[in-house]
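Novice: Can you read through this structure? Questions will come right after.
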Amino acid sequence: MSDSKNLPRDVFLYILSTVLLAFVSIHIGMLTFQLVNIGIPDPFLDGAWSGEATRSLMRWAIAVLVITFPALLWTLRFLRKDVAAFPEKRDMRVRRWLLYFTLFVAGIVAIGDLVTVLHAYLQGDLSLRFLLKALSVLAIAGVIMAVYRAELNGVYTKTHRAIEAGATGFVVAALVAGLVIAGTPQSQRLVRFDDRRVNDLSSIQWQIIQHWQAKNVLPADLGALTNELSGFFVPVDPVTQEAYEYRITGPRSFELCATFATDILGSQQSLAYPMEKNESWEHGAERTCFERTIDPDLYPPLKNR
1 MSDSKNLPRD VFLYILSTVL LAFVSIHIGM LTFQLVNIGI PDPFLDGAWS GEATRSLMRW
61 AIAVLVITFP ALLWTLRFLR KDVAAFPEKR DMRVRRWLLY FTLFVAGIVA IGDLVTVLHA
121 YLQGDLSLRF LLKALSVLAI AGVIMAVYRA ELNGVYTKTH RAIEAGATGF VVAALVAGLV
181 IAGTPQSQRL VRFDDRRVND LSSIQWQIIQ HWQAKNVLPA DLGALTNELS GFFVPVDPVT
241 QEAYEYRITG PRSFELCATF ATDILGSQQS LAYPMEKNES WEHGAERTCF ERTIDPDLYP
301 PLKNR
């Protein structure tokens with residue numbers, strides 16, 4: 001019988017669909033949660049770094065869904081066509097066991113997501129955020145239950161097809177929204193280059209402070225900071241390979257300048273360290289100079305210690 005001949009294939013495909021469904025349900029929930037966090041920020045819970053952390057989770061969820069969601073659709077449609085071609089397979093015991101196991105896994109995932117949402121609410125998450133996340137979990141679980149109950153019964157009504165089409169549209173819309181908010185690969189590459197520039201400037205700034213502490217005078221130029229013994233070599237712009245700008249503005253004050261590709265004004269990122277004030281490395285998509293003044297009380301010359 002053809003169902004016996006293809007039994008190993010069917011078993012592996014049903015197991016594959018279970019694994020894919022777990023990945024899809026977990027990561028569509030993750031993506032939805034982060035979209036809610038972005039759309040309804042909570043100052044009490046969202047710190048200075050939470051924006052980038054949220055976008056990083058969104059990019060991971062998008063990467064998983066772009067691969068697993070089409071694979072899940074293909075697997076389900078292949079199995080559905082196979083059952084339509086061989087109706088006797090609908091009552092195969094192994095098929096029904098695997099479908100029930102899939103429903104069991106989906107239920108465990110939904111319960112885990114609901115526990116996570118409720119825990120966040122008890123931690124002080126906004127009621128509206130809690131409501132939207134809880135509704136998204138229930139919606140995901142409802143779609144899975146409806147689709148897989150139809151698979152078990154072998155009955156596909158217009159309602160089931162509408163649910164599947166709606167779920168597909170929701171996933172596609174969430175992916176598009178996630179890409180818009182999290183940023184395209186090209187824009188993220190620019191962000192990483194700017195992060196590198198900030199890290200370089202912060203490293204140079206600390207070397208300037210150490211130089212002033214050791215010699216009680218600012219370095220004449222950035223080349224004076226090169227130290228083969230300590231292994232420090234002055235970094236350059238990662239794209240242009242040109243030196244960063246440095247200018248002395250006073251006995252204990254100086255400027256560091258770089259040209260950035262992205263705008264993070266108002267994002268409260270990267271507090272300067274170490275400095276006497278909460279001066280930041282905020283910048284626009286332009287040449288930006290950072291004025292610094294060394295506080296001798298905080299960083300006294302070494303010979304005075």
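If you read the sequence shown in the numbering used here, its first letter stands for residue 1, the second for the next number, and so on. Cβ atoms here follow ideal geometry from the backbone N, Cα and C, with glycine treated the same way.
(1) Locate the alpha helix (DSSP H) running through phenylalanine 12, then write down its first and last residues.
(2) Return the chain-ordered list of same chain residues with a C-beta closer than 8 Å to the C-beta of threonine 68, the five sequence neighbours on each side being excluded.
(3) Quick one, which of Thr157, Tyr244, Thr32 and Asp221 has its alpha-carbon nearest serine 136's?
(4) Between alanine 258 and threonine 288, which are expected to be in contact by the criterion C-beta below 8 Å, what is the C-beta distance as a whole number of angstroms?
(5) May I ask you to verify whether the segment 8-19 touches the segment 84-99, counting CB pairs closer than 8 Å and requiring at least 3?
(6) Out of Val198, Glu291 and Arg80, which has the shortest C-alpha to C-alpha gap to threonine 249?
(7) Can you say whether isoleucine 15 is buried or exposed, counting buried as having 16 or more other CB atoms within 10 angstroms of its CB?
(8) Go to serine 253, then tell me how far its beta strand (DSSP E) extends in each direction, as first and last residue.
(9) Any idea what DSSP makes of valine 217, helix, strand or coil?
(10) Taking the Cβ atom as the reference point for each residue, do threonine 102 and threonine 159 lie within a distance shorter than 8 Å?
(11) So is tryptophan 212 buried or exposed if we call it buried at 16+ other beta carbons inside 10 Å?
(12) If distances are taken between C-alpha atoms only, which option among Glu151, Leu138 and Asp194 comes closest to aspartate 82?
(13) Compare the Cα-Cα distances from serine 280 to each of Ala162, Gln205, Asp237 and Asp221 and report the closest residue.
(14) Could you round the C-beta distance between phenylalanine 193 and alanine 285 to whole angstroms and report it? I think they count as a contact, below 8 Å.
(15) Answer yes or no: does any C-beta atom of chain B fall closer than 8 Å to that of leucine 13?
(16) Can you list, in chain order, the residues of its chain with a C-beta nearer than 7 Å to that of alanine 177? Leave out the 5 residues immediately preceding and following it.
(17) Closer than 6 Å by C-beta to leucine 98: which residues in its own chain qualify, once you throw out the five before and the five after it? Chain order, please.
(18) Skipping 5 residues on each side, what residues in its chain have a beta carbon closer than 7 Å to that of threonine 54?
(19) In the DSSP assignment, find the beta strand (DSSP E) that holds arginine 287 and state where it starts and stops.
(20) Near phenylalanine 233, which residues of its chain fall below 7 Å by C-beta distance, leaving aside the five closest residues on each side in sequence?
(21) Taking 8 Å as the threshold (C-beta atoms), are alanine 167 and valine 143 in contact?
(22) Apart from the five residues on each side of it in sequence, which residues of its chain come closer than 7 Å, Cβ to Cβ, to leucine 132?
(23) Report the rounded CA-to-CA distance for valine 155 versus arginine 96, giving the unit in angstroms.
(24) Taking the alpha carbon of valine 236 as the point to measure from, which residue in Ser230, Glu228 and Tyr246 has its own alpha carbon closest?
Specialist: Concretely, from the data shown:
(1) 7-39
(2) Leu20, Phe23, Val24 and His27
(3) Thr32
(4) 7 Å
(5) yes
(6) Glu291
(7) exposed
(8) 253-259
(9) coil
(10) no
(11) buried
(12) Glu151
(13) Gln205
(14) So it is not a contact: roughly 12 Å between Cβ atoms.
(15) Among the chains of the structure shown, chain B does not appear; only one protein chain is present.
(16) Leu35
(17) Tyr14
(18) Gln34, Asn37 and Ile38
(19) 287-293
(20) Thr226
(21) yes
(22) Val36
(23) 14 Å
(24) Tyr246
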